[in-house]
Amino acid sequence: MKIDYTFHSHTFRCNHAEGDIEDYVSLAIKNGMKIYGVSDHVFLPGVSEPKTRGEYSCLEGYINAFKEAKKKHLNEIEMYLGFECEYASVFEDYYKSLLYEKGFDYLICGQHNGFDENKNYIHLVKNHFRDEIEDLEEYVKEVNNAIRSGLFLYIAHPDLLFISAKEVTPELERLSDELIECAIKNNAVFEINIHGLYRQEKNAPYGNIGYPASYFWKKVAKTNIRVVYGGDYHFLWEVGDKHLEEKLNKFIKECNIKLSDIKEIYKEYRERIKK
Ligand SMILES: [Zn+2]
Ligand SMILES: [Zn+2]
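No gaps in the numbering here: position 69 of the sequence shown is 195 in our numbering, and each next residue is one more.
So this is what it looks like as structure tokens:
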């Protein structure tokens with residue numbers, strides 16, 4: 127299988143990725159990709175997290191950079207404008223305004239942290255350190271809220287749960303089941319994260335399971351949950367990288383996963399979020 131789409135990619139605006147939309151899209155076209163969705167870490171009004179996401183004031187520049195690239199490459203690739211969002215009830219109206227007023231095509235959920243009703247940051251998962259079970263409980267609670275909200279095309283790296291785990295504990299088994307059950311019930315879509323394959327390799331010395339976690343995906347493969355992949359590109363070299371593509375194919379085979387049609391999923395999503 128050749129990687130020929132992504133609905134998950136970033137830009138320099140989040141301050142931990144390189145390049146702008148045009149840089150990535152021209153590489154995607156060169157590598158024969160058919161669909162390129164841009165989903166930088168969502169800019170949040172009233173929230174400043176300089177290492178995680180762009181300031182809210184980046185919004186117009188982001189939209190314009192997308193429009194320019196889309197116009198330039200109209201006949202070469204399908205492009206979609208999105209954001210990768212943490213679910214928090216306090217932001218639900220803002221997320222709706224992105225879709226219904228700002229012309230965004232889609233949102234995906236990537237639950238790296240949470241926010242309370244005063245927009246205060248809630249720690250959920252942290253690389254290299256052991257996560258507290260309470261944080262992971264909160265992670266699952268918010269991802270399941272995201273699923274039930276219906277606002278998201280798919281759940282990016284649902285198995286972020288395993289980022290700091292050294293082994294699959296009974297708690298992680300239970301929390302995986304809770305995510306999977308909610309996804310089955312609500313017909314949600316899960317993403318295997320390609321950037322995670324790179325991070326897993328890089329973080330191997332720490333001995334963490336990381337993501338994608340085969341324990342999780344083998345379970346998913348036994349259900350009817352639809353599965354797609356997402357590049358989650360933070361670096362230009364990741365676009366069209368053969369090593370990552372091989373790793374993805376190996377992982378899919380090892381977990382016995384059948385990929386679903388992203389075009390069908392996107393179509394269904396757009397129908398669903400129609401007012
Ligand atoms: Zn990122
Ligand atoms: Zn991402």
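For each residue, glycine too, the CB sits at the ideal point set by N, CA and C.
Among GLU175, TYR150, ASN382 and TRP343, which one has its Cα closest to the Cα of ASN246? Out of GLU175, TYR150, ASN382 and TRP343, the CA that lies nearest to the CA of ASN246 is found in GLU175.
With distances taken Cα to Cα, identify the nearest neighbour of LEU211 among PRO171, GLU390 and ILE155. In the sequence on display, residue 211 carries Cys and not Leu. Nearest of PRO171, GLU390 and ILE155 to CYS211, Cα basis: PRO171.
Continuous alpha helix (DSSP H) stretch holding ASP219: start and end: Unbroken alpha helix (DSSP H) run through ASP219: 218-226.
Given TYR280 as reference, the closest of THR132, MET127 and LYS128 once Cα atoms are compared: With distances taken between Cα atoms, TYR280 lies closest to THR132.
Any heavy atom of ligand 2 within less than 7 angstroms of residue CB: hits in chain order: That gives HIS134, HIS136, SER165, HIS167, GLU210, GLY236, ALA282, HIS321 and ASP358.
Count the other C-beta atoms from every protein chain shown that fall within 10 angstroms of the C-beta of ASP367, then say buried if there are 16 or more, exposed otherwise. Result: buried.
Residue ranges of each alpha helix (DSSP H) run of no fewer than 4 residues wholly in the segment 350-397, ordered along the chain? Qualifying alpha helix (DSSP H) stretches, in chain order: 368-381.
To the nearest whole angstrom, what separates the beta carbons of GLU371 and LYS128, a pair I think is in contact under 8 angstroms? Confirmed, Cβ separation roughly 7 angstroms.
Would you check whether ligand 1 has a heavy atom nearer than 8 angstroms to the C-beta of ALA143? Checking the Cβ of ALA143 against ligand 1 gives yes.
Residue from ASP146, ILE289 and GLU317 with nearest C-alpha to ASP166: Per the Cα distances, ASP146.
Out of GLU397, GLU394 and ILE318, which has the shortest C-alpha to C-alpha gap to LYS384? Distance check between LYS384 and each of GLU397, GLU394 and ILE318 places ILE318 closest, using alpha-carbon atoms only.
For HIS369, verify whether its CB is less than 8 angstroms away from any heavy atom of ligand 1. It does not: the Cβ of HIS369 is nowhere closer than 8 angstroms to a heavy atom of ligand 1.
According to DSSP, LEU207 sits in a beta bridge with which residue or residues? Under DSSP, LEU207 shares a beta bridge with VAL164.
In DSSP terms, what TYR131 is bridged to: Assignment of beta-bridge partners to TYR131 by DSSP yields ILE161.
Exposure of GLU268, with buried meaning 16 or more beta-carbon neighbours within 10 Å: Buried, by the Cβ-count rule.
Under 6 angstroms Cβ to Cβ from TYR341, same chain only, skipping five residues before and after it: list those, please. Result list for TYR341: VAL294, in chain order.
Is any non-hydrogen atom of ligand 1 found closer than 8 angstroms to the C-beta of CYS184, if you look at the structure I gave you? CYS184: no, Cβ never under 8 angstroms from ligand 1.
DSSP-derived helix/strand/coil call for GLY333: In the three-state DSSP reduction, GLY333 falls in the coil class, being neither helix nor strand.
Which one of SER290, GLU307 and ALA309 has the shortest CA to CA distance from TYR332? Checking every option, the nearest Cα to that of TYR332 belongs to SER290.
CA-CA distance, ARG398 and GLY276? Using only the alpha carbons, I get a separation of about 8 angstroms.
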